[in-house]
Amino acid sequence: MARKPDSDALSTYNAKRDFKRTREPKGKRGTKGGNSFVVQKHAARRLHFDFRLEIDGVLKSWAVTRGPSLDPKDKRLAVRTEDHPLDYGGFEGTIPQGEYGGGTVMLWDKGTWRPIEGKSAKDLEGGHLHFILEGERMKGEWLLVRMKPRKGEKRENWLLRKVDDGYTGSEDDLVRRELTSIETGRTMQEIARDDEGEHSFKDRKGAQLDKALDEAAEHTRKVAAGKSGRQAKGKPPKFRKPQLATLVDHVPGGSDWFHEIKFDGYRCLVAAAGDKVVVYTRSGQDWTDKFAPLRDAFAALDLPPCLIDGEVTASGKDGNPSFSALQAVLKRGHGAQGKQQYLDFHAFDLLELDGEDLTAHSNLERKEQLAGLLADARPPVHVADHVIGAGEQLLEAMCGADQEGIISKRADAPYRAKRTRNWLKIKCTRRQEFVIVGWQPSKARGRPFASLLLAQHEDGELTYKGKVGTGFTSDTMDELASKFSSRARKTPPLEAPASETRNAQWIRADLVAEVAFAEFTAEGRVRHASFLGLRDDKSAVDVKPERAAKVEQDDPPSDIKITHRDRVIFPDSGQTKGDLADYYAQVAPVMLAHLARRPVSLVRCPQGRAKKCFFQKHDSGSFGESVHHVSIAEKSGKKQPYLYVDSAEGLLSCVQMGSIEFHAWACHQEAVEQPDRMIFDLDPDEELDFADVKRAARDLEKHLADMGLVSFAMLTGGKGVHVLVPLRTGHDWDTHKDFASRFAEALSKAEPDRFTATMSKAKRKGKIFIDWLRNQRGATAVVPYSARAREGAPVAIPVTWAELADMETAAAFTISDAAELLKRAGSAGLQGWGFADQALPEL
Numbered sequence: 001m002a003r004k005p006d007s008d009a010l011s012t013y014n015a016k017r018d019f020k021r022t023r024e025p026k027g028k029r030g031t032k033g034g035n036s037f038v039v040q041k042h043a044a045r046r047l048h049f050d051f052r053l054e055i056d057g058v059l060k061s062w063a064v065t066r067g068p069s070l071d072p073k074d075k076r077l078a079v080r081t082e083d084h085p086l087d088y089g090g091f092e093g094t095i096p097q098g099e100y101g102g103g104t105v106m107l108w109d110k111g112t113w114r115p116i117e118g119k120s121a122k123d124l125e126g127g128h129l130h131f132i133l134e135g136e137r138m139k140g141e142w143l144l145v146r147m148k149p150r151k152g153e154k155r156e157n158w159l160l161r162k163v164d165d166g167y168t169g170s171e172d173d174l175v176r177r178e179l180t181s182i183e184t185g186r187t188m189q190e191i192a193r194d195d196e197g198e199h200s201f202k203d204r205k206g207a208q209l210d211k212a213l214d215e216a217a218e219h220t221r222k223v224a225a226g227k228s229g230r231q232a233k234g235k236p237p238k239f240r241k242p243q244l245a246t247l248v249d250h251v252p253g254g255s256d257w258f259h260e261i262k263f264d265g266y267r268c269l270v271a272a273a274g275d276k277v278v279v280y281t282r283s284g285q286d287w288t289d290k291f292a293p294l295r296d297a298f299a300a301l302d303l304p305p306c307l308i309d310g311e312v313t314a315s316g317k318d319g320n321p322s323f324s325a326l327q328a329v330l331k332r333g334h335g336a337q338g339k340q341q342y343l344d345f346h347a348f349d350l351l352e353l354d355g356e357d358l359t360a361h362s363n364l365e366r367k368e369q370l371a372g373l374l375a376d377a378r379p380p381v382h383v384a385d386h387v388i389g390a391g392e393q394l395l396e397a398m399c400g401a402d403q404e405g406i407i408s409k410r411a412d413a414p415y416r417a418k419r420t421r422n423w424l425k426i427k428c429t430r431r432q433e434f435v436i437v438g439w440q441p442s443k444a445r446g447r448p449f450a451s452l453l454l455a456q457h458e459d460g461e462l463t464y465k466g467k468v469g470t471g472f473t474s475d476t477m478d479e480l481a482s483k484f485s486s487r488a489r490k491t492p493p494l495e496a497p498a499s500e501t502r503n504a505q506w507i508r509a510d511l512v513a514e515v516a517f518a519e520f521t522a523e524g525r526v527r528h529a530s531f532l533g534l535r536d537d538k539s540a541v542d543v544k545p546e547r548a549a550k551v552e553q554d555d556p557p558s559d560i561k562i563t564h565r566d567r568v569i570f571p572d573s574g575q576t577k578g579d580l581a582d583y584y585a586q587v588a589p590v591m592l593a594h595l596a597r598r599p600v601s602l603v604r605c606p607q608g609r610a611k612k613c614f615f616q617k618h619d620s621g622s623f624g625e626s627v628h629h630v631s632i633a634e635k636s637g638k639k640q641p642y643l644y645v646d647s648a649e650g651l652l653s654c655v656q657m658g659s660i661e662f663h664a665w666a667c668h669q670e671a672v673e674q675p676d677r678m679i680f681d682l683d684p685d686e687e688l689d690f691a692d693v694k695r696a697a698r699d700l701e702k703h704l705a706d707m708g709l710v711s712f713a714m715l716t717g718g719k720g721v722h723v724l725v726p727l728r729t730g731h732d733w734d735t736h737k738d739f740a741s742r743f744a745e746a747l748s749k750a751e752p753d754r755f756t757a758t759m760s761k762a763k764r765k766g767k768i769f770i771d772w773l774r775n776q777r778g779a780t781a782v783v784p785y786s787a788r789a790r791e792g793a794p795v796a797i798p799v800t801w802a803e804l805a806d807m808e809t810a811a812a813f814t815i816s817d818a819a820e821l822l823k824r825a826g827s828a829g830l831q832g833w834g835f836a837d838q839a840l841p842e843l
């Protein structure tokens with residue numbers, strides 16, 4: 001039987017608490033042998049995270065001032081505190097003010113721990129513990145190292161550090177994004193409000209206090225059972241019919257399309273909710289068991305309820321996805337002859353997330369949300385990459401690598417459970433001219449022929465090349481049939497195998513057809529051929545086999561012509577209208593995720609930024625068909641046509657009309673009365689420097705996090721910082737504005753020497769104005785990646801909270817940095833920037 005620890009182990013814990021006032025558990029001895037760990041977020045005099053490991057029947061405890069970091073380079077101070085009883089690992093609630101540790105406690109993480117191989121818990125006595133965590137949020141290898149004590153130092157200072165393994169990330173990944181209880185799903189504010197409400201302990205004594213304690217404990221149990229967190233409470237979504245792509249013979253041009261690799265595998269949908277995962281085939285069959293490795297990989301991600309569309313592949317000998325390799329893996333049970341073969345899942349769409357149907361959102365928006373959802377995914381789960389406007393180059397690369405082809409998707413289109421032309425598939429086929437030498441009759445009613453017989457001139461004579469039986473419209477079939485009647489002949493114009501030309505009707509060999517096909521077979525026949533059209537400009541005697549030419553292409557195609565490209569619009573730096581257009585063409589993919597379908601106001605400077613500039617939000621049609629309008633009622637009740645764009649062509653059309661800046665509403669055009677993001681613009685007085693602004697932004701981020709809200713930072717390209725809070729729809733503009741104003745006012749009252757919530761210049765002296773006015777109906781804020789009509793052509797850019805500390809100015813990037821901005825946007829820290837599934841709390 002395991003030995004119980006010394007009763008003195010918890011004497012310090014018990015001595016510090018009055019258990020008639022606090023409902024923390026009394027210090028009771030536990031048995032040895034357990035290996036639990038828990039992390040509790042604790043808002044006492046200052047916010048910190050209590051990290052606790054079960055050792056010898058108690059919870060060894062450290063207060064981690066800034067919380068755990070996933071960055072191995074980031075060593076977090078962890079101050080050793082008194083041992084806690086094991087029951088404390090289930091405590092969540094409020095410790096009364098005046099008591100030791102008074103404040104709100106949240107169950108932030110829990111799980112099990114173990115020393116790495118060759119080590120033990122006894123290493124703690126030597127000031128060094130190397131261990132592995134298997135929690136809901138903290139995973140992988142970690143280190144606790146005691147710092148050398150300074151003279152007279154009374155507390156034990158340790159360092160908590162992540163070891164570089166497959167579970168690393170940025171310092172913001174955990175404490176800045178995980179803001180709710182793993183047990184009850186509540187925020188710190190909700191926990192505090194619950195305890196201050198019907199379960200308040202204020203002025204309660206004796207039996208009345210005991211009753212309150214029992215009620216609070218029961219309340220927590222009920223909340224845990226009914227609201228156990230986003231990951232655990234849901235069920236995997238039901239199967240949906242997937243959207244299918246239409247086969248076309250060329251890549252669509254223009255930057256309103258993005259292009260992905262067409263993977264050679266099985267189309268599947270993954271329905272997940274925590275550790276519950278179902279893998280469906282495109283027809284709705286449950287193939288979870290067949291794809292067991294993928295099921296386990298998704299279960300490990302602990303995702304909220306979601307439905308993800310993608311492709312399952314297996315690699316061939318050359319490392320590329322191979323359908324035959326996939327079939328072999330499935331037949332052999334995920335392995336062959338003792339050598340493990342792995343499946344991969346390439347996610348390319350997100351249909352549902354946490355109960356919300358996303359299919360009405362645009363392809364590009366869903367792709368951005370997918371990237372945010374799977375930001376922590378590791379192989380075998382991948383998010384499929386895409387390019388915008390360079391589809392021909394991607395197709396060429398795929399065909400050169402012997403891949404199947406590409407999928408082109410219209411960036412602004414919704415998801416439809418059928419075959420549409422908003423998704424196109426372009427296979428790695430070849431296109432050549434062939435001479436039509438005959439046709440075969442059709443048994444289908446109303447179809448004049450079943451297929452055409454093809455040939456090319458080789459070595460001075462016609463050589464049979466096979467058949468083409470697809471790609472015809474009714475009009476082209478009728479046109480061809482009419483031409484055949486006057487060209488009929490009784491004998492074939494070439495030697496052709498009888499087995500392939502049975503019942504053939506031969507014609508004079510002077511018609512030229514252009515045909516797309518996958519390849520020539522070993523017998524010299526076209527494979528997967530598709531008729532494209534007749535060529536009247538080419539003589540049949542000139543039709544010979546062609547060698548595939550390399551596609552040469554410069555910039556991504558655009559249908560928008562930019563005139564006066566050499567006009568200088570930034571006189572201080574010499575950058576031109578053409579430079580600005582090129583910048584927007586490059587950043588359109590990432591910019592549209594935040595701009596598309598939002599009513600927009602433009603800053604137009606037709607003669608350049610140093611000349612007269614003006615705002616424009618209405619239009620009668622002068623911007624062209626790529627810029628759209630939505631009718632919105634103004635205060636007077638009169639409806640006006642407000643501008644919005646949803647494509648790169650739309651962006652460039654605005655640039656062509658002299659636009660430099662894009663400022664958007666906090667809603668989408670299809671739901672004008674439902675705001676979905678809140679923005680606080682930190683505008684400093686001229687006496688302050690940028691360090692003051694950065695510190696203010698971090699303070700706002702902390703206060704918002706205490707309320708359970710994830711926020712993001714953006715450099716404005718001017719002198720300030722925007723703190724952006726994405727929100728679910730479901731509240732109106734009055735509620736939106738009220739929350740923003742009260743939040744800003746509360747901060748200005750709490751620190752009147754630093755902040756003001758009043759626009760007045762006189763009251764702003766030496767302070768930072770928390771501009772909450774951008775959260776009113778009709779107000780706008782500059783869009784991420786928008787250029788600014790300022791000296792040097794700066795741009796507004798998203799940054800991580802960690803990056804913000806190192807930024808020396810709010811105008812750190814310009815329109816000359818498009819390539820670097822695109823690279824940054826794909827980094828782990830910025831994937832999913834600006835997207836979070838959260839509701840506006842009560843204030």
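Here full-length UniProt numbering is used: the first residue of the sequence shown is 1, the next is one more, and so on.
All C-beta atoms, glycine included, are put in the ideal place defined by N, C-alpha and C.
Fair warning: this is a prediction, and the values are worked out from it, not measured in the lab.
Opening and closing residue of the alpha helix (DSSP H) in which residue i lies
i, result
"Arg-295", "292-301"
"Gly-650", "648-656"
"Tyr-342", "Unbroken run through Tyr-342: none, as it is neither H nor E."
"Phe-769", "Where Phe-769 is concerned, there is no enclosing alpha helix (DSSP H), although the beta strand (DSSP E) it sits in stretches over 768-771."
"Phe-743", "733-750"
"residue 853", "This structure cannot settle anything about residue 853, because the visible part of the chain is limited to 1 through 843."
"Val-693", "690-706"
"Tyr-13", "11-15"
Supposed contact pair residue j and residue i - C-beta distance, whole angstroms, cut 8 angstroms
i, j, result
"Trp-439", "Leu-424", "Their Cβ separation, rounded to whole angstroms, is 29 angstroms, which puts Trp-439 and Leu-424 out of contact at 8 angstroms."
"Ala-757", "Ile-770", "5 angstroms"
"Thr-729", "Gln-656", "Not really, about 33 angstroms apart at Cβ, beyond 8 angstroms."
"Gly-57", "Lys-16", "About 19 angstroms; that fails the 8 angstroms criterion."
"Leu-532", "Glu-519", "At roughly 17 angstroms, the Cβ-Cβ gap does not stay under 8 angstroms, so Leu-532 and Glu-519 are not in contact."
"Val-725", "Ala-713", "Contact flag wrong, Cβ pair sits at about 11 angstroms."
Rounded separation between residue i and residue j - CA only
i, j, result
"Phe-472", "Leu-350", "35 angstroms"
"Lys-617", "Val-630", "11 angstroms"
"Ser-760", "Ile-116", "60 angstroms"
"Gly-574", "Arg-609", "11 angstroms"
"residue 845", "Leu-343", "Since the first and last residues shown for the chain are 1 and 843, residue 845 lies out of range."
"Leu-394", "Trp-257", "13 angstroms"
"Ala-787", "Phe-345", "37 angstroms"
Same chain only: Cβ atoms within 6 angstroms of residue i, ignoring 5 sequence neighbours per side
i, result
"Tyr-167", "Lys-139, Gly-140"
"Ala-696", "Leu-682, Ile-768"
"Gly-391", "Val-251, His-259, Ser-408"
"Val-672", "Ile-632"
Cβ-based neighbour list, residue i, same chain, cut-off 8 angstroms, excluding 5 preceding and 5 following
i, result
"Ala-509", "Val-435, Ile-436, Val-437, Ala-455, Leu-462, Pro-493, Leu-494, Ala-540"
"Met-707", "Thr-187, Met-188, Gln-189, Pro-841, Leu-843"
For residue i, the first and last residue of its enclosing beta strand (DSSP E)
i, result
"Asp-478", "Run containing Asp-478: none in the beta strand (DSSP E); it sits in the alpha helix (DSSP H), 474-485."
"Thr-246", "244-247"
"Val-381", "381-383"
Test: residue i CB closer than 8 angstroms to a CB of chain B
i, result
"Gly-253", "Looking for chain B here will not work: only one protein chain is present."
Neighbourhood of residue i by C-beta, 7 angstroms cutoff - its chain only, sequence neighbours within 5 removed
i, result
"Ala-371", "Val-383, Gln-831, Gly-832"
"Ala-828", "Gly-169, Ser-170, Ala-375"
"Leu-534", "Leu-511, Val-512, Ala-513"
**Message:** Three Cβ pairs or more, each shorter than 8 angstroms: is that satisfied between the segment 638-653 and the segment 599-615?
**Reply:** The segment 638-653 and the segment 599-615 touch, with no fewer than 3 CB-CB distances between them shorter than 8 angstroms.
**Request:** Determine, using beta-carbon pairs with one atom in the segment 714-726 and one in the segment 801-815, whether at least three such pairs fall under 8 angstroms.
**Result:** The segment 714-726, when compared against the segment 801-815, does touch it at the 8 angstroms Cβ threshold.
**Message:** Can you confirm whether the segment 405-421 touches the segment 285-292 when touching is taken to mean that 3 or more C-beta pairs between the two stretches lie within less than 8 angstroms?
**Reply:** Touching, no.
**Request:** Evaluate contact between the segment 23-40 and the segment 77-86, counting only Cβ atoms and requiring at least three cross-stretch pairs below 8 angstroms.
**Result:** The segment 77-86 and the segment 23-40 touch, with three or more beta-carbon pairs separated by less than 8 angstroms.
**Item:** Cβ contact (3+ pairs, closer than 8 angstroms) linking the segment 275-286 and the segment 234-241
**Value:** With the cut-off at 8 angstroms, the segment 275-286 and the segment 234-241 touch.
**Request:** Tell me, please, whether the segment 151-166 touches the segment 68-78 by the rule of three or more beta-carbon pairs shorter than 8 angstroms.
**Result:** Contact between the segment 151-166 and the segment 68-78 is present, because at least three Cβ pairs lie under 8 angstroms.
**Prompt:** Touching or not, the segment 672-691 and the segment 792-800, by the rule of three or more beta carbon pairs under 8 angstroms?
**Reply:** Taking one beta carbon from each stretch, the segment 672-691 and the segment 792-800 have fewer than 3 pairs nearer than 8 angstroms; the two do not touch.
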